[in-house]
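Heads up, the thing below is written out as C-alpha cells.
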Amino acid sequence: METASTHGYLMLTKSNHCRNEILQAEVNYLGQLRHPNLVKLIGYCCDDHHRLLVYEYMQSGSLEKQLFSRVCNTLTWSRRMKIALDAAKGLAFLHTAARQIIYRDFKTSNILLDADFNAKLSDFGLAKDGPMGDQTHVSTRVMGTYGYAAPEYVMTGHLTARSDIYGFGVVLLEMLIGRRAMDKSRPSREHNLVEWARPLLNHKKLLRILDPRMEGQYSTRTAMKVASLAYQCLSQNPKGRPDMSQVVEILEAVQTKGENQEEAMLQSGSGSITLFEVPKQVEGTPKNEAHSVKSRSERYNTPNTNKHMNGRHKSEPPKEFDLYSPSHTLDLMKDENQLQESEVRIHPVKQFQGE
66 METASTHGYL MLTKSNHCRN EILQAEVNYL GQLRHPNLVK LIGYCCDDHH
116 RLLVYEYMQS GSLEKQLFSR VCNTLTWSRR MKIALDAAKG LAFLHTAARQ
166 IIYRDFKTSN ILLDADFNAK LSDFGLAKDG PMGDQTHVST RVMGTYGYAA
216 PEYVMTGHLT ARSDIYGFGV VLLEMLIGRR AMDKSRPSRE HNLVEWARPL
266 LNHKKLLRIL DPRMEGQYST RTAMKVASLA YQCLSQNPKG RPDMSQVVEI
316 LEAVQTKGEN QEEAMLQSGS GSITLFEVPK QVEGTPKNEA HSVKSRSERY
366 NTPNTNKHMN GRHKSEPPKE FDLYSPSHTL DLMKDENQLQ ESEVRIHPVK
416 QFQGE
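Quick note, this note's numbering runs 65 ahead of the 1-based positions in the sequence shown.
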C-alpha cells in the first residue's frame with residue numbers, strides 16, 4: 066500500500082449499520098463515477114474491525130480549513146472563484162448524469178483542495194439517486210448539515226437537485242463574506258449567515274459586508290454579479306434557483322473576466338464602480354426571487370452509463386426536524402501509522418467512467 070503522502074484515509078467510526086450505509090454509498094457512487102472535480106476513491110476496507118475508505122491525498126485540505134483557519138494564508142478573490150467554479154462543475158456533472166445524483170451535503174468541509182487548489186467534492190455518504198420518470202422529487206429522511214440544507218427539504222423531506230443548489234449558495238456566500246454559515250460567537254441576528262446577509266446581496270451596502278481580506282482584488286460589477294448569483298441560489302422558492310449548468314456558465318464568465326482584470330487591479334489597488342444589470346424575471350418566480358436565464362453548458366463531462374464542518378454549533382439543540390451531519394463521525398487519517406497494528410486489507414476500486 067502506498068504511503069499517506071499520496072493517499073488520504075477516512076475511518077468510519079459510527080455504528081456498524083450507519084458506517085456500512087456510508088461505505089456502500091461511497092463505493093457505489095465514487096466507484097462508478099470519475100470526474101476532475103470528484104475526489105478519487107482508491108480502495109476500501111470492510112472487515113469485522115475496520116471500515117476504511119482510501120482516497121487520493123488532497124494536500125491543501127478542505128475549503129473550510131482554508132477559509133477559516135488562522136494558520137492558512139488568505140484565499141484571494143480569483144482563487145475563491147476558481148474553487149467555486151470547480152465545485153459547480155462537480156455538482157453539474159452529478160445533476161446531469163444519465164441517472165441523476167443528488168449530493169445532499171454540499172458544504173465547505175466536503176470540498177477538498179489539492180496542491181494547486183483544484184477543488185473536488187468528497188463524502189458521498191448521503192448522496193441519493195434523483196427522481197425518475199414523472200417524479201418531481203425524492204421523499205427521504207431529512208439529513209445533512211444545519212445551515213446548508215434547503216428550507217423546502219427541511220420542512221417536507223422532498224429532495225431535488227435544487228436542494229443542492231441552495232447548499233452551493235450557502236458556500237458561495239461563505240466565500241464572499243468570509244464567515245461561517247452558522248456562528249454563535251456573533252450577535253444573535255448574525256448567527257445564521259443566510260438570514261443576515263442575503264437581504265444585503267442586492268443592496269448598495271454589499272461592498273461593506275464582503276470579506277475585507279479581499280479588498281482591491283475585484284471590480285464592483287464582478288462582485289455584484291457573484292453576489293446576485295448567490296442570492297438566486299438561496300431563493301426560498303426552488304424554482305427561483307438556477308440549475309448548475311447556468312451557475313457554471315456565470316462563474317466561467319466571472320473567471321475569464323477576473324483573469325483579464327486581476328493584474329491591472331492589483332497594480333492600481335482599486336476596482337471600478339459600475340451599474341449592475343437587474344436579472345431577468347423567471348415565470349412562476351416572485352419578483353424578489355428573479356434570476357437570469359442562460360443556455361445549458363456542455364463544458365463539463367457527463368457520464369454515459371445508467372450505472373449508477375462547518376456544522377451546527379455543538380450547544381445548539383436540534384430544530385423541529387431531524388437534521389444532522391455525519392461528518393463528525395468521520396476521522397480523516399493522513400498517516401497510515403495511525404491505523405491499528407492489526408492487518409487491514411484494502412480492496413481496490415475500479416472506476417468505470419473516464420475523465
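Cβ atoms here follow ideal geometry from the backbone N, Cα and C, with glycine treated the same way.
- Contact between Q297 and R306 holds, with the beta-carbon distance rounding to 6 Å and staying under 8 Å.
- In this structure H202 touches L224 by the C-beta definition: roughly 6 Å separates them, less than 8 Å.
- Remark: C-beta atoms of N175 and D188 approach each other more closely than 9 Å.
- One thing to note: G155 has its Cβ within 9 Å of the Cβ of H100.
- By the Cβ rule, the region 270-283 counts as touching the region 233-247, because three or more pairs are nearer than 8 Å.
- The DSSP-derived three-state label of C137 is coil.
- Each residue's CA atom was taken as its position, placing S125 and D179 some 5 Å apart.
- Between L258 and V291, the gap from beta carbon to beta carbon reaches 9 Å or more.
- Under the DSSP assignment, L241 falls in the alpha helix (DSSP H) whose first and last residues are 226-242.
- A162 sits away from N102, with the two beta carbons spaced by 9 Å or more.
- Here L186 is not near L150, since their CB atoms are 9 Å or more apart.
- For A184, DSSP records a beta bridge to L178.
- Straight across, the Cα-Cα distance linking V136 with N85 is about 35 Å.
- Annotated three-state conformation of V207 is coil, per DSSP.
- Annotation for Y283: no alpha helix (DSSP H) segment contains it, and DSSP assigns it neither H nor E.
- By the 16-neighbour rule on beta-carbons within 10 angstroms, R227 is buried.
- A contact between stretches requires three or more CB pairs, one per stretch, nearer than 8 Å, and the region 264-271 fails this requirement with the region 245-255.
- Separation of S250 and D199 (C-alpha to C-alpha, rounded to the nearest whole angstrom) is 45 Å.
- For the pair M220 and D170, the Cα-to-Cα distance works out to about 16 Å.
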